[in-house]
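Notes to accompany the following structure.
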Amino acid sequence: MSSIASTAIQWINQHLPDGYTAHGSTPDPRPERYITVQRSGGVRTRYRDDAMLIVQVNAPTRSQAADTAEQVADLLLDMWRLPEIADVEIHSIADVSLNGPPVEHRYQITAEITTTT
């Protein structure tokens, strides 16, 4: 079984807005638009895994990061269509831009994805 972060990266890349790619860490060189997905915690039992994911959307402008984060959150909610996904919850969508220099426009999605193990 692949990690839920890897599954989320594949799902986002299959349905992503143009110009974005999702990765497990910040790509080098850093493109103008990209998304990172990392597991930040969660509870795992013998029968299920409630994974907390941090998904960050980086874009040229704050409004583009915000709009794309909303689209990505909707994509994550649609992951229930995968047979291994039992539920998806979005806990927050927040502006975590860095004022720089250099300025980095970034929105962060905190999501909980439940799978059966």
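So that you can map any letter, position 7 of the sequence shown is 3 in my numbering, and since no number is skipped, the others follow by simple counting.
Quick reminder that beta carbons are idealized off the backbone N, C-alpha and C, glycines included.
As DSSP reads the structure, residue 30 sits in a beta bridge with 54. Shortest Cα-Cα distance from residue 72 to any of 55, 84, 45 involves 84. 8 angstroms or more divides the Cβ of residue 93 from the Cβ of residue 87. Per DSSP, reduced to three states, the secondary structure at residue 66 is helical. Per the C-alpha coordinates, the member of 45, 106, -1, 53 positioned closest to residue 112 is 45.
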